[in-house]
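Everything below concerns the one structure shown next.
Residue numbers (the numbering used here): 508 to 786.
Right, dumping it as C-alpha coordinates:
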(Lines of atoms letter the chains of each structure in order from A; the text may use other names.)
(Lines give C-alpha, C1' and ligand atoms only; values in the text may rest on other atoms or scores of the structure.)
Protein backbone atom coordinates (compact mmCIF):
# COMPACT_ATOMS: atom_id res chain seq x y z
CA UNK A 508 0.00 0.00 0.00
CA UNK A 509 2.84 2.40 0.77
CA UNK A 510 4.37 1.84 -2.67
CA UNK A 511 1.07 2.42 -4.45
CA UNK A 512 0.42 5.55 -2.47
CA UNK A 513 3.90 6.90 -3.20
CA UNK A 514 3.48 6.28 -6.94
CA UNK A 515 0.11 8.00 -6.96
CA UNK A 516 1.63 10.98 -5.20
CA UNK A 517 4.36 11.27 -7.82
CA UNK A 518 1.84 11.14 -10.66
CA UNK A 519 -0.39 13.65 -8.91
CA UNK A 520 2.55 16.05 -8.91
CA UNK A 521 3.58 15.26 -12.50
CA UNK A 522 0.17 15.84 -14.06
CA UNK A 523 0.41 19.55 -13.24
CA UNK A 524 3.70 19.90 -15.14
CA UNK A 525 3.70 21.49 -18.61
CA UNK A 526 3.81 19.80 -22.01
CA UNK A 527 6.81 20.70 -24.17
CA UNK A 528 6.34 21.28 -27.89
CA UNK A 529 9.07 22.17 -30.39
CA UNK A 530 9.63 22.67 -34.09
CA UNK A 531 12.48 23.78 -36.31
CA UNK A 532 10.69 27.12 -36.38
CA UNK A 533 7.18 28.50 -36.44
CA UNK A 534 5.38 25.65 -38.19
CA UNK A 535 4.71 23.74 -35.00
CA UNK A 536 2.41 26.54 -33.89
CA UNK A 537 -0.18 24.84 -36.12
CA UNK A 538 0.09 21.84 -33.78
CA UNK A 539 0.30 23.98 -30.65
CA UNK A 540 -2.97 25.71 -31.54
CA UNK A 541 -4.76 22.37 -31.83
CA UNK A 542 -3.30 21.08 -28.56
CA UNK A 543 -4.44 24.26 -26.83
CA UNK A 544 -7.90 23.93 -28.40
CA UNK A 545 -8.43 20.32 -27.36
CA UNK A 546 -6.53 20.47 -24.05
CA UNK A 547 -7.18 24.03 -22.86
CA UNK A 548 -6.31 23.31 -19.22
CA UNK A 549 -2.80 22.02 -19.98
CA UNK A 550 0.23 24.26 -19.50
CA UNK A 551 2.27 24.41 -22.71
CA UNK A 552 5.83 25.49 -23.51
CA UNK A 553 6.70 26.01 -27.18
CA UNK A 554 10.21 26.32 -28.60
CA UNK A 555 10.82 27.59 -32.13
CA UNK A 556 14.37 26.71 -33.17
CA UNK A 557 14.19 29.34 -35.89
CA UNK A 558 17.87 30.28 -35.77
CA UNK A 559 18.51 26.82 -37.23
CA UNK A 560 15.55 26.60 -39.62
CA UNK A 561 14.90 24.98 -41.96
CA UNK A 562 15.85 21.54 -40.64
CA UNK A 563 14.97 20.11 -44.04
CA UNK A 564 18.23 21.44 -45.49
CA UNK A 565 20.41 20.06 -42.66
CA UNK A 566 22.11 16.69 -42.18
CA UNK A 567 20.51 13.94 -40.13
CA UNK A 568 23.22 14.26 -37.44
CA UNK A 569 22.64 18.00 -37.19
CA UNK A 570 18.88 17.51 -36.82
CA UNK A 571 19.38 14.95 -34.03
CA UNK A 572 21.83 17.23 -32.22
CA UNK A 573 19.54 20.27 -32.40
CA UNK A 574 16.50 18.23 -31.37
CA UNK A 575 18.35 16.90 -28.33
CA UNK A 576 19.55 20.39 -27.40
CA UNK A 577 16.03 21.80 -27.49
CA UNK A 578 14.67 18.75 -25.65
CA UNK A 579 17.26 19.26 -22.90
CA UNK A 580 16.06 22.84 -22.45
CA UNK A 581 12.46 21.66 -22.16
CA UNK A 582 13.47 19.00 -19.64
CA UNK A 583 14.92 21.80 -17.52
CA UNK A 584 11.43 23.34 -17.58
CA UNK A 585 10.09 20.09 -16.05
CA UNK A 586 7.89 19.11 -18.98
CA UNK A 587 6.03 15.83 -18.56
CA UNK A 588 5.71 14.95 -22.27
CA UNK A 589 7.60 16.14 -25.34
CA UNK A 590 5.77 16.72 -28.63
CA UNK A 591 8.04 16.86 -31.68
CA UNK A 592 5.86 19.12 -33.84
CA UNK A 593 8.19 18.84 -36.81
CA UNK A 594 8.04 16.17 -39.49
CA UNK A 595 11.74 16.42 -40.31
CA UNK A 596 12.78 16.16 -36.66
CA UNK A 597 10.42 13.22 -36.19
CA UNK A 598 11.85 11.17 -39.04
CA UNK A 599 15.46 11.87 -38.05
CA UNK A 600 15.42 12.27 -34.27
CA UNK A 601 12.32 10.85 -32.58
CA UNK A 602 13.76 7.35 -32.11
CA UNK A 603 16.92 8.84 -30.59
CA UNK A 604 14.89 11.11 -28.29
CA UNK A 605 12.78 8.17 -27.10
CA UNK A 606 15.94 6.25 -26.27
CA UNK A 607 17.59 9.09 -24.36
CA UNK A 608 14.81 11.07 -22.64
CA UNK A 609 13.11 10.04 -19.38
CA UNK A 610 9.66 11.23 -20.52
CA UNK A 611 7.21 10.14 -23.25
CA UNK A 612 7.89 11.55 -26.72
CA UNK A 613 5.12 12.08 -29.28
CA UNK A 614 6.16 12.51 -32.91
CA UNK A 615 4.31 13.60 -36.03
CA UNK A 616 4.10 11.85 -39.38
CA UNK A 617 2.53 12.73 -42.75
CA UNK A 618 -1.11 11.64 -43.06
CA UNK A 619 -0.40 8.95 -45.65
CA UNK A 620 -2.77 6.38 -44.12
CA UNK A 621 -5.92 8.54 -44.18
CA UNK A 622 -4.96 9.90 -47.59
CA UNK A 623 -4.76 6.36 -48.98
CA UNK A 624 -8.28 5.72 -47.69
CA UNK A 625 -9.68 8.96 -49.11
CA UNK A 626 -8.27 9.02 -52.63
CA UNK A 627 -10.68 8.29 -55.44
CA UNK A 628 -8.08 8.29 -58.20
CA UNK A 629 -5.57 6.04 -56.41
CA UNK A 630 -3.04 8.90 -56.51
CA UNK A 631 -1.87 10.88 -53.49
CA UNK A 632 0.79 13.54 -53.16
CA UNK A 633 3.02 14.40 -50.21
CA UNK A 634 4.58 17.85 -49.87
CA UNK A 635 7.53 17.83 -47.46
CA UNK A 636 11.05 19.07 -46.85
CA UNK A 637 13.89 17.41 -48.74
CA UNK A 638 15.07 15.55 -45.63
CA UNK A 639 11.58 14.15 -44.98
CA UNK A 640 11.19 13.09 -48.61
CA UNK A 641 14.57 11.34 -48.46
CA UNK A 642 13.93 9.59 -45.15
CA UNK A 643 13.53 5.81 -44.87
CA UNK A 644 10.81 6.46 -42.28
CA UNK A 645 8.54 8.11 -44.87
CA UNK A 646 9.19 5.33 -47.37
CA UNK A 647 8.27 2.76 -44.71
CA UNK A 648 5.11 4.71 -43.91
CA UNK A 649 4.15 4.56 -47.58
CA UNK A 650 4.86 0.82 -47.78
CA UNK A 651 2.84 0.14 -44.63
CA UNK A 652 -0.22 2.25 -45.37
CA UNK A 653 -0.46 2.98 -49.08
CA UNK A 654 -0.46 -0.45 -50.68
CA UNK A 655 -2.21 -0.28 -54.04
CA UNK A 656 -2.00 3.52 -54.09
CA UNK A 657 0.55 5.56 -56.01
CA UNK A 658 2.30 8.14 -53.83
CA UNK A 659 4.19 11.05 -55.36
CA UNK A 660 6.49 12.83 -52.92
CA UNK A 661 7.48 16.41 -53.64
CA UNK A 662 10.25 18.29 -51.85
CA UNK A 663 9.39 21.97 -51.42
CA UNK A 664 12.50 24.10 -50.90
CA UNK A 665 11.69 27.67 -49.98
CA UNK A 666 8.27 27.24 -48.40
CA UNK A 667 9.52 27.02 -44.82
CA UNK A 668 11.56 30.19 -45.28
CA UNK A 669 8.50 32.10 -46.48
CA UNK A 670 6.43 30.99 -43.48
CA UNK A 671 9.28 31.90 -41.11
CA UNK A 672 9.27 35.38 -42.66
CA UNK A 673 5.52 35.73 -42.17
CA UNK A 674 4.80 35.45 -45.89
CA UNK A 675 1.81 33.18 -46.50
CA UNK A 676 0.30 34.32 -49.79
CA UNK A 677 2.65 36.55 -51.80
CA UNK A 678 3.15 36.12 -55.53
CA UNK A 679 6.44 34.35 -54.78
CA UNK A 680 4.72 31.86 -52.46
CA UNK A 681 1.96 31.20 -54.98
CA UNK A 682 4.50 30.62 -57.73
CA UNK A 683 6.34 28.06 -55.61
CA UNK A 684 3.07 26.31 -54.78
CA UNK A 685 2.18 26.13 -58.47
CA UNK A 686 5.58 24.64 -59.31
CA UNK A 687 5.18 21.99 -56.62
CA UNK A 688 1.50 21.09 -57.09
CA UNK A 689 0.50 21.50 -60.73
CA UNK A 690 2.54 18.44 -61.84
CA UNK A 691 0.72 16.46 -59.13
CA UNK A 692 -2.64 17.61 -60.47
CA UNK A 693 -1.57 16.69 -63.99
CA UNK A 694 -0.65 13.21 -62.71
CA UNK A 695 -4.13 12.71 -61.27
CA UNK A 696 -3.46 13.36 -57.59
CA UNK A 697 -6.72 14.13 -55.76
CA UNK A 698 -5.49 13.96 -52.14
CA UNK A 699 -2.58 16.06 -50.90
CA UNK A 700 -0.71 15.44 -47.64
CA UNK A 701 1.06 18.37 -45.99
CA UNK A 702 4.16 16.68 -44.63
CA UNK A 703 5.57 19.72 -42.83
CA UNK A 704 3.93 21.62 -39.98
CA UNK A 705 4.77 24.94 -41.67
CA UNK A 706 2.59 24.15 -44.67
CA UNK A 707 -0.88 24.39 -43.05
CA UNK A 708 -0.31 28.14 -42.85
CA UNK A 709 -0.18 28.10 -46.66
CA UNK A 710 -3.42 26.11 -47.00
CA UNK A 711 -5.49 29.05 -48.24
CA UNK A 712 -3.00 29.94 -50.94
CA UNK A 713 -2.62 26.25 -51.76
CA UNK A 714 -6.36 25.75 -52.22
CA UNK A 715 -6.43 28.84 -54.42
CA UNK A 716 -3.63 27.84 -56.80
CA UNK A 717 -5.01 24.29 -57.14
CA UNK A 718 -8.58 25.61 -57.57
CA UNK A 719 -9.80 23.34 -54.79
CA UNK A 720 -9.18 20.23 -56.90
CA UNK A 721 -7.39 18.30 -54.14
CA UNK A 722 -8.40 17.27 -50.64
CA UNK A 723 -5.71 18.67 -48.34
CA UNK A 724 -4.71 16.76 -45.19
CA UNK A 725 -2.50 17.85 -42.29
CA UNK A 726 -1.80 16.19 -38.97
CA UNK A 727 -2.29 18.62 -36.09
CA UNK A 728 -5.50 16.91 -34.94
CA UNK A 729 -4.20 13.30 -35.13
CA UNK A 730 -1.00 14.18 -33.23
CA UNK A 731 -3.08 15.92 -30.55
CA UNK A 732 -5.26 12.82 -30.21
CA UNK A 733 -2.12 10.72 -29.82
CA UNK A 734 -0.88 13.13 -27.15
CA UNK A 735 -4.21 12.73 -25.33
CA UNK A 736 -3.84 8.95 -25.41
CA UNK A 737 -0.33 9.18 -23.97
CA UNK A 738 -1.46 11.51 -21.20
CA UNK A 739 -4.25 9.11 -20.26
CA UNK A 740 -2.04 6.01 -20.42
CA UNK A 741 0.64 7.61 -18.24
CA UNK A 742 -1.87 9.22 -15.85
CA UNK A 743 -0.44 12.64 -16.73
CA UNK A 744 -3.51 14.52 -17.88
CA UNK A 745 -4.25 17.68 -15.93
CA UNK A 746 -7.83 18.04 -14.66
CA UNK A 747 -9.65 19.89 -17.41
CA UNK A 748 -10.68 22.85 -15.31
CA UNK A 749 -9.37 26.37 -15.63
CA UNK A 750 -7.17 27.74 -18.40
CA UNK A 751 -3.64 26.52 -18.99
CA UNK A 752 -0.75 28.87 -19.71
CA UNK A 753 1.29 29.01 -22.93
CA UNK A 754 4.94 30.10 -22.95
CA UNK A 755 7.03 30.77 -26.04
CA UNK A 756 10.77 30.55 -26.56
CA UNK A 757 12.93 30.89 -29.65
CA UNK A 758 16.57 30.53 -30.63
CA UNK A 759 16.16 33.65 -32.79
CA UNK A 760 15.48 37.21 -31.68
CA UNK A 761 14.27 39.92 -34.03
CA UNK A 762 11.15 42.02 -34.48
CA UNK A 763 9.96 40.30 -37.66
CA UNK A 764 10.24 36.90 -36.03
CA UNK A 765 8.15 38.02 -33.05
CA UNK A 766 5.58 39.56 -35.40
CA UNK A 767 5.30 36.30 -37.37
CA UNK A 768 4.84 34.26 -34.18
CA UNK A 769 2.08 36.60 -33.00
CA UNK A 770 0.36 36.43 -36.39
CA UNK A 771 0.35 32.63 -36.33
CA UNK A 772 -0.74 32.36 -32.67
CA UNK A 773 -3.36 35.08 -33.30
CA UNK A 774 -2.71 36.76 -29.94
CA UNK A 775 -0.07 39.05 -28.50
CA UNK A 776 2.67 37.01 -26.87
CA UNK A 777 5.99 37.39 -25.10
CA UNK A 778 8.81 35.29 -26.55
CA UNK A 779 11.79 34.34 -24.42
CA UNK A 780 15.21 33.85 -26.00
CA UNK A 781 16.74 30.43 -25.42
CA UNK A 782 19.78 30.61 -23.11
CA UNK A 783 23.17 30.63 -24.85
CA UNK A 784 23.80 26.97 -23.94
CA UNK A 785 20.77 25.90 -26.02
CA UNK A 786 21.11 28.28 -28.98
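Glycine included, every Cβ here is placed at the ideal spot set by N, Cα and C.
Distance, Cα to Cα, residue i vs residue j?
{"i": "residue 460", "j": "residue 521", "result": "Only positions 508 to 786 of the chain appear in the structure, and residue 460 is not among them; the question remains open."}
{"i": "residue 637", "j": "residue 595", "result": "9 Å"}
{"i": "residue 574", "j": "residue 763", "result": "24 Å"}
{"i": "residue 566", "j": "residue 560", "result": "12 Å"}
{"i": "residue 712", "j": "residue 586", "result": "35 Å"}
{"i": "residue 625", "j": "residue 780", "result": "42 Å"}
{"i": "residue 651", "j": "residue 660", "result": "16 Å"}
{"i": "residue 689", "j": "residue 523", "result": "48 Å"}
{"i": "residue 693", "j": "residue 548", "result": "46 Å"}
{"i": "residue 634", "j": "residue 662", "result": "6 Å"}
{"i": "residue 612", "j": "residue 604", "result": "7 Å"}
{"i": "residue 511", "j": "residue 599", "result": "Confidence is the limiting factor: at residue 511 the pLDDT is only 32, short of 50, which leaves the residue's position unreliable and the question unanswerable from this model."}
Is the beta carbon of residue i less than 7 Å from the beta carbon of residue j?
{"i": "residue 698", "j": "residue 631", "result": "yes"}
{"i": "residue 593", "j": "residue 531", "result": "yes"}
{"i": "residue 535", "j": "residue 704", "result": "yes"}
{"i": "residue 588", "j": "residue 526", "result": "yes"}
{"i": "residue 752", "j": "residue 537", "result": "no"}
{"i": "residue 734", "j": "residue 590", "result": "yes"}
{"i": "residue 577", "j": "residue 554", "result": "yes"}
Do you know whose CA, among the options, lies nearest residue i's CA?
{"i": "residue 609", "options": "582, 628, 597", "result": "582"}
{"i": "residue 696", "options": "639, 597, 722", "result": "722"}
{"i": "residue 647", "options": "619, 672, 669", "result": "619"}
{"i": "residue 597", "options": "572, 621, 584", "result": "572"}
{"i": "residue 668", "options": "782, 544, 556", "result": "556"}
{"i": "residue 716", "options": "642, 622, 577, 687", "result": "687"}
{"i": "residue 545", "options": "744, 776, 784", "result": "744"}
Worksheet item: Quick one: any contact between the stretch 751-758 and the stretch 767-780, if contact means 3 or more CB pairs under 8 Å?
Response: Touching, per the Cβ criterion.
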